[in-house]
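Peer 1:
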RNA sequence: GGGGCCGUGGUCUAGCUUGGUAGGAUGCCGGCCUUGGGAGCCGGAGGUCCCGGGUUCAAAUCCCGGCGGCCCCA
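Residue numbers (my numbering): 62 to 540.
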């Protein structure tokens, strides 16, 4: 990390990667100085922020009938290895426990890379009848994957700390299909609240999660122009359940295979929020998610130290019951405090000095636009309410603008080539596998997925074969 | 997968070519003065020079291996 001043960052536009590392450290989200590669310490401020993000997810999960559970973090080799036949190379990414104390153990234990295997093993005993279905559970736990590529804080880690994995079980394939639609709905709602723009795509058959019928991904674009997968909803049909012997008895006493789905998100969601909204002064957080929504900064002047501080406390006390508010009465100078709280993305700062004390007014500063306004003390609460709404609206607008700037709807192969790399490019696709492969070869990047039937009846032509296009496919660099 | 650069108090770094007392800035602690966008002055604390091995009278410096970080290309 290149260190300048405590609250100075490498410009985001100059080197996004460096900016991102620096902002995580200087805004006190993560401490990257942990002696194991790909693993990081979550600091109090970062943890609280991530909790706020996860609370949004939990609320949505509860609303839609998912129950939180906890399954242990270690999985016996025998249970996990049944999964390996689906997933080539999977075994290489597992952390194994091979010793207990000084003794080698006979059956190795894995640190969970994801929990399908261990859940299905146990659910065999929970699910016996059609009356046990559907079953919808989830957990928020760390998972371990030995990434061999270069690790990146929050983006490519070896310990995913906040992995929300949902797992559902259904009597019929149709039910599983509906469930996946619900999962996509949940994720859309979630990212709408985070003010993170996205596109929902179905993955191509040749890029679908092994063992799955199909899966949907939510994708966003990072400031460096690379696509980032934000979440995935997978329909396994009965393929995965069969491996683990998951069966139920239907109304007629017949044994049937269970249909299952999985859907997951991680702290990448926060990484996207930070990356998309942050600027050269640091974080910009949505008021709903900010650990500190309002900071009160007293500005003393000679002879008025006590009075100004008293007034600042009055302001603080009037807000403390309704908002996450902090009074910064440390000895630092005002300018220092301004930079500090801007780095941490506090949406509103209230400046309280001699002038405000004498007029019984307050200066409000909003982080998103860096604008100040003066309000009478009596109007403070209503002004904060409307400011929060304005800030959220402005951030939402910027997110849309951001996304549009980094995407192009191409009509021809030539147009794809011109833009790909810099941007994420959509193009009309007939849906045939050979046309998809040809685009990938011609362009040199993989198809990220496609918006299913998005172009049906629109009269657009597949960029390869010229036949009527059904889907809008997306292609570009990715993480 | 291939190539390159780097690792020195909390942070950023000088020193390494040519082996011999680890220097600065920032941050931290105490004090004075101050406070409307990173103040200043005085005093102070803080270092296994990434780890292990080798060469040498002597290694931050040279050699080998490992760990970790960064960049470029596929």
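Don't be surprised by glycine CBs; every beta carbon is placed ideally from N, CA and C.
1) Within its chain, find whatever has a CB closer than 8 Å to the CB of residue 343; leave out the 5 residues flanking it on each side and keep chain order.
2) According to DSSP, residue 400 sits in a beta bridge with which residue or residues?
3) How would you label residue 130, buried or exposed, when you count the other beta carbons within 10 angstroms and need 16 or more for buried?
4) Take residue 469 as the anchor and find which of 536, 140 and 424 has the nearest alpha-carbon.
5) Taking residue 456 and residue 347 to be in contact with their CB atoms under 8 Å, please state how far apart those CB atoms are, rounded to whole angstroms.
6) Any contact of the segment 240 to 250 with the segment 462 to 477, i.e. 3+ C-beta pairs under 8 Å?
7) Within the segment 320 to 359, note down every full beta strand (DSSP E) run reaching 3 residues or more, in order along the chain.
8) Considering only residues of the same chain and omitting the five flanking positions on each side of residue 444, which have a CB-CB separation below 6 Å?
9) Can you say whether residue 260 is buried or exposed, counting buried as having 16 or more other CB atoms within 10 angstroms of its CB?
10) How big is the Cα-Cα spacing for residue 81 and residue 73?
11) Does the count of Cβ pairs from the segment 123 to 141 and the segment 175 to 194 closer than 8 Å reach three?
12) Comparing C-alpha positions only, which one of 320, 509, 434 and 529 sits nearest to residue 197?
13) Suppose you measure from the CA of residue 472 to the CA of residue 465; what does that come to, to the nearest Å?
14) Please name the residue or residues paired with residue 92 in a DSSP beta bridge.
15) For the beta strand (DSSP E) that contains residue 177, what are its first and last residues?
16) Does residue 231 come out as helix, strand or coil in the three-state DSSP assignment?
17) Leaving out the 5 sequence neighbours to the left and right, which residues in its chain are closer than 7 Å to residue 506 when beta-carbon positions are compared?
18) From residue 269 to residue 202, what distance separates their C-alpha atoms?
19) Going by CA-CA distance only, name the one from 158, 266 and 152 that's closest to residue 508.
20) Between the segment 212 to 219 and the segment 93 to 104, can you find at least three pairs of beta-carbon atoms closer than 8 Å?
21) I'd like the list of long-range same chain contacts for residue 336, defined as Cβ closer than 7 Å, with 5 residues on each side in sequence excluded.
22) What did DSSP end up calling residue 247 once you bin it into helix, strand or coil?
23) Where in the segment 262 to 303 do unbroken runs of the beta strand (DSSP E), each at least 3 residues long, occur, reported from the N-terminal end onward?
24) Using the beta-carbon count (16 or more within 10 Å), is residue 62 buried or exposed?
25) Can you tell me whether residue 158 is helix, strand or coil according to DSSP?
26) At 4 residues or longer, and completely inside the segment 119 to 151: list those alpha helix (DSSP H) runs for me, N to C.
27) Quick check: the Cα distance between residue 263 and residue 225, rounded to an integer number of angstroms?
28) When the Cα atoms are used, what is the spatial distance from residue 528 to residue 302?
29) Per DSSP, residue 171 is paired with what?
30) Once the 5 residues before and after residue 389 are set aside, which same chain residues still bring their CB inside 6 Å of it?
31) For the alpha helix (DSSP H) that contains residue 205, what are its first and last residues?
32) If you draw a straight line from the alpha carbon of residue 447 to that of residue 454, how long is it in whole angstroms?
33) With a Cβ-Cβ cutoff of 8 Å, do residue 385 and residue 408 count as a contact?
34) Expressed to the nearest angstrom, what Euclidean distance is found between the alpha-carbon atoms of residue 193 and residue 239?
35) Would you call the CB atoms of residue 311 and residue 293 closer than 8 Å?
36) Does residue 489 come out as helix, strand or coil in the three-state DSSP assignment?
Peer 2: Taking the structure as given:
1) Correct list, in chain order: 68, 70, 84, 87, 88, 403, 404, 405 and 406.
2) DSSP lists no partner for residue 400.
3) With a 10 Å radius around the Cβ and a threshold of 16 neighbouring Cβ atoms, residue 130 comes out exposed.
4) Among 536, 140 and 424, the Cα nearest to that of residue 469 is on 536.
5) Right, the Cβ-Cβ distance comes to about 6 Å (below 8 Å), so this counts as a contact.
6) No, the segment 240 to 250 is not in contact with the segment 462 to 477.
7) Taking only runs of at least 3 residues, the beta strand (DSSP E) segments lying wholly in the segment 320 to 359 are 320 to 326.
8) Excluding sequence neighbours, residue 444 sits near 436.
9) So residue 260 counts as buried.
10) Each residue's Cα considered, the two are about 8 Å apart.
11) Yes: at least three Cβ pairs fall under 8 Å.
12) For the residues 320, 509, 434 and 529, the minimum Cα distance to residue 197 belongs to 320.
13) About 16 Å.
14) For residue 92, the beta-bridge partners assigned by DSSP are 102.
15) Run containing residue 177: none in the beta strand (DSSP E); it sits in the alpha helix (DSSP H), 177 to 187.
16) Residue 231 falls in the strand class under three-state DSSP.
17) 481, 536, 537 and 538, listed in sequence order.
18) The alpha-carbon separation between residue 269 and residue 202 amounts to approximately 24 Å.
19) Nearest to residue 508 by C-alpha distance, out of 158, 266 and 152, is 266.
20) The segment 93 to 104 vs the segment 212 to 219: in contact.
21) Short of 7 Å from the beta carbon of residue 336, and not among the five residues preceding or following it, lie these beta carbons of its own chain, in chain order: 81, 283 and 284.
22) For residue 247, the secondary structure class from DSSP, reduced to helix, strand or coil, is helix.
23) Segments of the beta strand (DSSP E) lying fully in the segment 262 to 303: 275 to 282 and 288 to 298.
24) Residue confidence for residue 62 is low, a pLDDT of 37 falling below 50, so the modelled location carries little weight and cannot support an answer.
25) Of the three classes helix, strand and coil, the one that applies to residue 158 here is strand, per DSSP.
26) Qualifying alpha helix (DSSP H) stretches, in chain order: 138 to 145.
27) Going from the Cα of residue 263 to the Cα of residue 225 covers about 20 Å.
28) Approximately 39 Å, taken between the alpha carbons.
29) Note: residue 171 sits in a beta bridge opposite 136 and 157.
30) Excluding positions up to five away in sequence, the list reads 356, 358 and 398.
31) Premise fails: residue 205 lies in the beta strand (DSSP E), 196 to 205, not in any alpha helix (DSSP H).
32) Between residue 447 and residue 454, the C-alpha separation is close to 11 Å.
33) No, Cβ-Cβ distance for residue 385 and residue 408 is not below 8 Å.
34) Whole-angstrom Cα-Cα distance: 18 Å.
35) Result no, Cβ atoms of residue 311 and residue 293 do not sit closer than 8 Å.
36) Here residue 489 sits in strand by DSSP.
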